[in-house]
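Residue numbers (the working numbering): -11 to 579.
In this text, a Cβ means the ideal position worked out from N, Cα and C, and glycines have one as well.
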């Protein structure tokens, strides 16, 4: 196996499919280095499926975990139990869908984690898996049943996954849960078997996912997609026995519907999310709670929200004490709650959003004033935003008028959400472009990269130096909004979102420097160089080269360490470097 130059590694030329692309990796999966085990395909989409019921003596209890070998700690099971049922005060009769997010108690590696990590690298930053958290997608049913002692049938079907594909799993649950409640475990086993035959969640490919007689057609976005665009899925011919559903998105929520109760404050909420401020959403049900929290997190896209967020949070959550203590300032987190107890417990939090039932009617949303926190006594307080925060930017009256007009003209909710999402996208891009431009200037010039020296270091981020660039190259070039942009940037530079964003950008640029350095090495004639230097210098260079190539081969080509240790040949300008275990041998190709 040869390690070609970086442009070939990236997929240019004849070695493109060898270069670790998802297609090539998926083809390798059944082979020698990535054997597909039973339930591997299932594990690419879900960690497990849980059924949570109500026991008169124990309360909520996990009745079924499928597949049976799926591992959950006691702490994780407890979280799933309490988070998969609405609070008793919610009064959720019938069927309810929502989602929650909880911490993973211990790290686990899948049998083909290397392949899944490759897929993750091709995702937009805001869709990448967080190794520390799981999502729980819930379909809860509560109906009267006189044959039961409690008088009610209460049960939840929960899909536990690392993937933040909110809309996709909402549709999947809506398709399988109602039938499961009628047919029980045999139906669930059949559904899970269908999922275990799904293709891998490869970004950029149109995937056909059969589930109990229905084919769901989706396309997972890639990091190369233009932000704010959605690729139209082509309708292919399906057998008459199958129903086909084409999903326009795997992750987006109905943005306009979620923000309609606080319609006039969307820009202030964008600022609060951007700055990573502590936020509580108090809602009448887990559905409204989770949808609103997810809408808040997504409003700063394509920037990733780096702090914690809990679409549905209860008093039984394992982080309840950590997040409600009064001995320290509230953490940077967005919580969605429904229990009236939180109105008192979280009264010291600086920003609280109180929403009523989310309904889209033909009426123009009424303007609700920002209220003082002291006016929030109970969960029955009037809907509104309770905060003393003063926005840095002036309100965008144009987008408000455009959406109001849409309500009057009965514009479809999907169109309203698209308009609002585009507005948020343009605002976020206007804010982040000056930062991107400045950070790009921290990159050393390519001519400063020498193959015989260590890669040069990135220049440090200088806050005042960046601020000076805003006068001529600030957000005013792309945004019509006026206000204290400088003040907003100063606050942002102190936030977890800036810290996470800059760490990610610095890592990307460091990897770019290492790749350029490796390319410079590949373009050098090592035989000619070795003739001019001592044997000690040559051996020292070879050892450094071996360490660098070992990491690159494992990382870029996704080859497990044990395979590299068995022997990999790498050709570099007339020299064959043979790597095996801890030894590295140079053999001249020139006789």
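Using only CA atoms, which one of 52, 233, 90 lies nearest to residue 198? 233
Residues near residue 447 in its chain [Cβ-Cβ closer than 6 Å; skip 5 each side]: 430
Would a C-beta distance cut-off of 8 Å place residue 107 and residue 181 closer than the cut-off? no
For residue 294, which of helix, strand or coil comes out of DSSP? coil
When you compare only the Cα positions, how much space is there between residue 442 and residue 521? 18 Å
Report the residue from 27, 44, 40, 56 whose alpha carbon sits nearest the alpha carbon of residue 50. 40
Please report how far the alpha carbon of residue 17 lies from the alpha carbon of residue 156, in whole angstroms. Caution is warranted here: a pLDDT of 41 is assigned to residue 17, below 50, making its placement in the model unreliable, and the coordinate value is therefore given only provisionally. The straight-line gap from Cα to Cα measures roughly 25 Å.
Just tell me which of 89, 142, 113 has its CA closest to the CA of residue 125. 89
Sheet register partners of residue 198 (DSSP bridge): 203
Residue 422 and residue 458: beta carbons closer than 8 Å? yes
Taking the alpha carbon of residue 586 as the point to measure from, which residue in 519, 509, 513 has its own alpha carbon closest? Since the first residue of the chain shown is -11 and the last is 579, residue 586 is not available in this structure.
With residue 31 as the anchor, note down where its alpha helix (DSSP H) starts and where it stops. 28 to 33
Considering Cα atoms alone, identify which of 498, 391, 460 is closest to residue 432. 498
CB contact flag (residue 215, residue 338, <8 Å): no
For the beta strand (DSSP E) containing residue 372, name the first residue and the last one. 372 to 375
In angstroms with no decimal places, state the Cα-to-Cα distance between residue 514 and residue 119. 41 Å
Simplified DSSP state of residue 306, which is helix, strand or coil: coil
The alpha helix (DSSP H) enclosing residue 212, as first and last residue numbers: Taken as a continuous stretch (DSSP letters only), residue 212 belongs to no alpha helix (DSSP H), as it is neither H nor E.
Relative to the C-alpha of residue 148, which candidate in 134, 161, 313 has its C-alpha closest? 161
With DSSP run on the structure shown, which of helix, strand or coil describes residue 315? coil
Best match in 376, 47, 34 for proximity to residue 53 [C-alpha to C-alpha]: 34
With respect to the beta strand (DSSP E) encompassing residue 324, which residues constitute its N-terminal and C-terminal limits? 321 to 325
Taking 8 Å as the cut-off, decide whether the C-beta atoms of residue 297 and residue 268 are in contact. no
Coil, strand or helix - residue 36 by DSSP: strand
Contact check, residue 30 vs residue 204, beta carbons under 8 Å: no
DSSP three-state label for residue 275, please. helix
Beta strand (DSSP E) segment containing residue 51, residue limits: 47 to 54
Take residue 260 and list the residues in its own chain whose beta-carbon comes closer than 7 Å to its own, dropping the five residues that flank it on each side. 267, 339, 377
Residue range of the beta strand (DSSP E) that includes residue 136: First-last for residue 136: undefined, no H or E at that position.
Opening and closing residue of the beta strand (DSSP E) in which residue 232 lies: 231 to 234
Residues near residue 292 in its chain [Cβ-Cβ closer than 6 Å; skip 5 each side]: 113, 114
Top-ranked residue by Cα proximity to residue 150, from 241, 134, 87: 87
Select from 405, 385, 487 the residue whose C-alpha is nearest the C-alpha of residue 241. 405
Can you grab the Cα-Cα spacing for the pair residue 489 / residue 64, in whole Å? 29 Å
Inspect the beta-carbon positions of residue 408 and residue 381 and report whether they are closer than 8 Å. no
Please report the residue range of the beta strand (DSSP E) in which residue 505 lies. That residue, residue 505, is in no beta strand (DSSP E); its alpha helix (DSSP H) goes 484 to 510.
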